[in-house]
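Colleague:
In my numbering, the protein residues as written are 144 to 351.
1) Helix, strand or coil for residue 301, going by three-state DSSP, please let me know.
2) Does the Cβ-Cβ distance between residue 288 and residue 190 come in under 9 Å?
3) Considering only residues of the same chain and omitting the five flanking positions on each side of residue 347, which have a CB-CB separation below 8 Å?
4) Which partner residues of residue 343 appear in the DSSP bridge assignment?
5) Exposed or buried, what is residue 271 when buried is set at 16 or more other beta-carbons lying within 10 Å of its beta-carbon?
6) Is the CB-CB distance between residue 231 and residue 217 below 9 Å?
7) For residue 333, does the count of other Cβ atoms within 10 angstroms reach 16, so buried, or fall short, so exposed?
8) According to DSSP, simplified to helix, strand and coil, what is residue 290?
9) What is the rounded straight-line gap between the Cα of residue 234 and the Cα of residue 314?
10) On a Cα-Cα basis, can you pick out the residue from 266, 293, 254 and 274 that is closest to residue 320?
11) Span of the alpha helix (DSSP H) holding residue 210?
12) Quick one: give me the first and last residue of the alpha helix (DSSP H) that residue 271 is part of.
13) Go ahead and label residue 262 buried or exposed: buried means 16 or more other beta carbons lie within 10 angstroms of its beta carbon, across all protein chains shown.
14) Run through DSSP, which three-state label would residue 327 get?
15) Reducing DSSP to helix, strand and coil, say where residue 311 ends up.
16) I'd like to know whether the C-beta atoms of residue 292 and residue 328 end up nearer to each other than 9 Å.
17) Compare the Cα-Cα distances from residue 305 to each of 338, 331 and 188 and report the closest residue.
18) Distance, Cα to Cα, residue 195 vs residue 241?
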């Protein structure tokens, strides 16, 4: 069975949409009129790929990640999960072990971010977060996303867009690794670092 056929992260025609996106992007590039929206779609494709790679590194399957009613193996007594093989950045926190939650919250290599989302419970609009992060096929304009520049288990390869930092600021509190890596990538592009004290609130988090 195709791993995307019942995936809440993607529609059934995900492959067709990805192919269409690639054709459009290449066509615009060759015609000398590339569109900034293609960069946004590419960033979301990368987050989607990162989610699948990390869930596999955690010992779960893509099908498990995609099932609506799935519960993280870390909050259950599931045999077969070799935590010794899990990258340190993805190792489950005590909260992940205690509180049942969907496995898609396990894929981010920032322990405090995972805990922040689990603690939010029903207050977390996971459909909205999913849209912002991976729905490259959606025509709604949202710059609130994450960027992945390399191996997805390495926190240094992740970046939060300014729109994401403003919209989902509470998710980033207590995540100095992501704050540092975000401004590292921005500096490499010659962009100003994000003013974390202003965005997150001075005194509420460790600001870099």
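Don't be surprised by glycine CBs; every beta carbon is placed ideally from N, CA and C.
Modeller: Taking the coordinates as given:
1) strand
2) yes
3) The predicted model places residue 347 with a pLDDT of 48, which falls under 50 and marks its position as unreliable, so this point remains unresolved.
4) Paired residues: none, contrary to the question.
5) exposed
6) no
7) exposed
8) strand
9) 18 Å
10) 254
11) Note, residue 210: premise wrong, no alpha helix (DSSP H); not H, not E.
12) 269–277
13) exposed
14) helix
15) coil
16) yes
17) 338
18) 23 Å
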